[in-house]
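Residue numbers (this note's numbering): 62 to 747.
(1) Going by C-alpha to C-alpha distance, which of 565, 619, 477 sits closest to residue 659?
(2) Taking the beta strand (DSSP E) that residue 247 falls in, what are its first and last residues?
(3) Put residue 101 into one of helix, strand or coil per three-state DSSP.
(4) Using the Cα positions of residue 80 and residue 87, report the straight-line distance between them to the nearest angstrom.
(5) Could you tell me the alpha carbon to alpha carbon distance between residue 747 and residue 704, rounded to whole angstroms?
(6) At what residues does the beta strand (DSSP E) containing residue 396 begin and finish?
(7) Determine the closest residue to residue 385 out of 617, 106, 344, with distance taken between C-alpha atoms.
(8) Taking 8 angstroms as the cut-off, decide whether the C-beta atoms of residue 381 and residue 388 are in contact.
(9) Closest to residue 546 by C-alpha separation, out of 448, 310, 592, would be which residue?
(10) Between the Cα of residue 654 and those of 561, 98, 706, 504, spot the shortest distance and give me the residue it belongs to.
(11) Roughly how many angstroms lie between the CA atoms of residue 566 and residue 510, to the nearest whole one?
(12) Just reading off the alpha helix (DSSP H) that residue 628 is part of, what are its end residues?
(13) What's the call for residue 101, buried or exposed, on a 16-neighbour Cβ count within 10 Å?
(14) Measure the C-alpha to C-alpha separation of residue 188 and residue 207 and round it to an integer number of angstroms.
(15) Which word fits residue 150, buried or exposed, when buried means at least 16 other C-beta atoms lie within 10 angstroms of its C-beta?
(16) If you draw a straight line from the alpha carbon of residue 95 to that of residue 202, how long is it in whole angstroms?
(17) By Cβ distance, which residues of its chain are closer than 7 angstroms to residue 612, with the 5 residues on each side in sequence left out?
(18) Do you know offhand how far residue 261's Cα is from residue 135's?
(19) For residue 697 and residue 460, what's the separation of their Cα atoms in angstroms?
(20) For residue 333 and residue 303, I'd like the C-alpha separation in whole angstroms.
(21) Rounded to whole angstroms, how far is the Cβ of residue 508 from the Cβ of residue 532, which I believe are closer than 8 angstroms?
(22) Identify the continuous beta strand (DSSP E) that holds residue 407 and give its terminal residues.
(23) Can you give the Cα-Cα distance for residue 467 and residue 607, rounded to whole angstroms?
(24) Could you check the C-alpha separation between residue 636 and residue 673 for me, to the nearest Å?
(25) Hey, residue 453 and residue 482 are a contact pair by Cβ (cut 8 angstroms); roughly how many whole angstroms apart?
(26) Taking only three categories from DSSP, how would you classify residue 445?
(27) Would you mind reading off the limits of the beta strand (DSSP E) that contains residue 230?
(28) Would you check if there are 3 or more beta carbon pairs closer than 8 angstroms linking the region 147-166 to the region 218-227?
(29) Decide if residue 573 is buried, meaning its Cβ has at least 16 other Cβ atoms within 10 Å, or exposed.
(30) Report the three-state DSSP secondary structure of residue 95 (helix, strand or coil).
(31) Tell me whether residue 545 sits in a helix, a strand or coil according to DSSP, three-state version.
(32) What did DSSP end up calling residue 127 once you bin it into helix, strand or coil?
(33) Indicate whether the contact test is met: 3 or more Cβ pairs, each with one atom in the region 310-325 and one in the region 278-290, closer than 8 angstroms.
(34) Please name the residue or residues paired with residue 464 in a DSSP beta bridge.
(35) In three-state DSSP terms, what is residue 377?
(36) Within the region 523-572, note down every full alpha helix (DSSP H) run reaching 4 residues or more, in order along the chain.
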């Protein structure tokens, strides 16, 4: 990199001599020896000399003194393995092509100046682990090349190290595709002072061109290798992708085969593209036969499926599928698939579920849970045990059962036991005819089609009768069913068919009816408040549950059971009950029956102290009762009628709670709706 000077006819050798003289003055600290002012020294070399001197680089120290540790050197070689593997054969080929004489040596360095590769021999230097950069040996071909990112050539004394004055160093950068220097290729050759003029200049130009071409060849090969690596990686990725896609397709196909819903894929015209095993069973065609088959061949002419697909809307609709002479109702889930480019729906996936199965699943989610069996019913009273055994026999029959009993006697418990004995795997749908608003009971029982009235769900909803298919329909408080609905229920019970509100066709249903009431339906029939034909349809098999006051033996058994069971649930120790408290419980008439007894004992357990239930822990209405009621009840007949007991209990509960309906209902162990009804029956003000 000797600075050209057109004014002075100096040869390269003469210029090197001038540079050497100036350099010695610079190293000796002569103030006037500023290399930047020397006409023979390039700016890059001059600035590098100044930096090297400021950093304390020793120009007289052997360049081979600076090296990295062996373990670190191994890591550097491993990191640059690809570069070394590419450079080695190219370096050898270039040396052979250039017919370079002995003494010419090729080097490959990383950006930090660590020697990675050497081709040729130099006795003075062992390059293993040696590091040449501006911080170690000062100005050299590598350091200037790295700084300027272009080929450079330093002649003799231009090197900062005095030990390199007889060397010509030619270096070219090796760049990656991001224009970053990843290494340098260097040619070291002897500086032959006897070569003069044009001969030396030609030699310098030749070696500079040679090393530049070698660097470009290495860069080209690196790019080719990277392209090949990318191609290999892409092929590998493609192979893996295809393998994963095939695996996913196998999993998807297996999944579709094991699910028990029919799944088909159709195009926008309705042509069947694919179907799973269950779908082939539904349509009674083999997978091979699906070609040239359209979904419309199995549907009614006014089907909405194609409209939903065209609009790209998800939908769940009920449709009839016709196969041969058979008609079956299915809930069809439509899921259009949009083309990601056109955003138009070209295909759709349809899932077909039999309506009966959908209703059964809905029943499991919305129906009551029948948890009680006949073994769950507690009681040793002789008449009560007779009723249980009779109900067990009735439960084995398909006939309707009417359960009659006062509030709180356990009518639903009996209904659940009947269900679990007759069809435990079917749905148990419970409807309280008294608790439901009059205007809603019809839609609750019979269901409705979508859009049949304001506020109706778009897809419609099956009623409890429809959901009870294959199981039990329990109609509690059947005596409170509106007269106008009794005829509709009678028809459903007679032909086992039901039509939703707003519907056009009947659906077959198969269920076991269990009804319950605390009213005298026969009396209501005589008073024209209840349909006679419905009464006789309901009461094919009748069960009369005795009230708790007639089961005096069971009061003590139930008391101990409720106390123990409640404490077990709470994780508490079971308290003892005093004889006085138990006698008071046995004296009470329990108009609210078993439910009232249970609530009273929960109160007693929570108010008990020292793990003992005493008479003071019983609810006030029990303590206030027995004597006065007995006296008043005996005035006319010598016995207590149910109406007198119940009315007096309600009056005292209202008095105790200052006419609070929720609190009074809680004390009596009955629901608020039941209490309101009894207030109306007994004409009690509140």
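The C-beta atom is built at its ideal place from N, Cα and C for all residues, glycine as well. Bear in mind the structure is a predicted one, so any value in this text is a computation, not a measurement.
Quick look at the numbers:
(1) Comparing Cα positions, the closest option is 619.
(2) Its beta strand (DSSP E) spans residues 242-251.
(3) DSSP places residue 101 in coil when its eight states are reduced to three.
(4) If you draw a straight line from the Cα of residue 80 to the Cα of residue 87, it is about 10 angstroms long.
(5) Computed Cα separation, rounded: 18 angstroms.
(6) Segment 387-399, the beta strand (DSSP E) holding residue 396.
(7) When 617, 106, 344 are compared, the shortest CA-CA separation from residue 385 is found for 344.
(8) Yes, these two residues count as a Cβ contact at 8 angstroms.
(9) It is 592.
(10) Nearest neighbour of residue 654 by Cα position, chosen from 561, 98, 706, 504, turns out to be 706.
(11) So the two alpha carbons sit approximately 11 angstroms from each other.
(12) According to the DSSP assignment, residue 628 belongs to the alpha helix (DSSP H) that extends over 613-631.
(13) Label assigned to residue 101: buried.
(14) Residue 188 and residue 207 have their C-alpha atoms spaced approximately 19 angstroms apart.
(15) Residue 150 is exposed by the Cβ-count criterion.
(16) Straight-line Cα distance between these residues: approximately 21 angstroms.
(17) Hits under 7 angstroms: 440, 442, 445.
(18) The alpha-carbon of residue 261 is positioned some 39 angstroms away from that of residue 135.
(19) Any reading at residue 697 must be qualified, since the residue scores a pLDDT of 40, below 50, and its modelled position is unreliable; no value is offered.
(20) The alpha-carbon of residue 333 is positioned some 26 angstroms away from that of residue 303.
(21) Taking a contact as a CB-CB distance under 8 angstroms, the pair residue 508 and residue 532 does not count as one, their CB atoms being some 16 angstroms apart.
(22) Unbroken beta strand (DSSP E) run through residue 407: 406-415.
(23) Answer to the nearest angstrom: the Cα atoms are 8 angstroms apart.
(24) Rounded to the nearest angstrom, the two C-alpha atoms are 5 angstroms apart.
(25) Yes, residue 453 and residue 482 are in contact; Cβ-Cβ is about 7 angstroms, under 8 angstroms.
(26) Three-state result, residue 445: helix.
(27) Per DSSP, residue 230 is one residue of the beta strand (DSSP E) stretching across 228-236.
(28) No, the region 147-166 is not in contact with the region 218-227.
(29) Result: buried.
(30) Per DSSP, reduced to three states, the secondary structure at residue 95 is coil, with no helix or strand assignment.
(31) Secondary structure of residue 545 (DSSP, three-state): helix.
(32) Coil, per DSSP.
(33) No: fewer than three Cβ pairs fall under 8 angstroms.
(34) Beta bridge pairing from DSSP links residue 464 with 577, 604.
(35) DSSP places residue 377 in strand when its eight states are reduced to three.
(36) Annotation note: the region 523-572 contains the following uninterrupted alpha helix (DSSP H) runs of length 4 or greater, listed N- to C-terminal: 525-528, 544-556.
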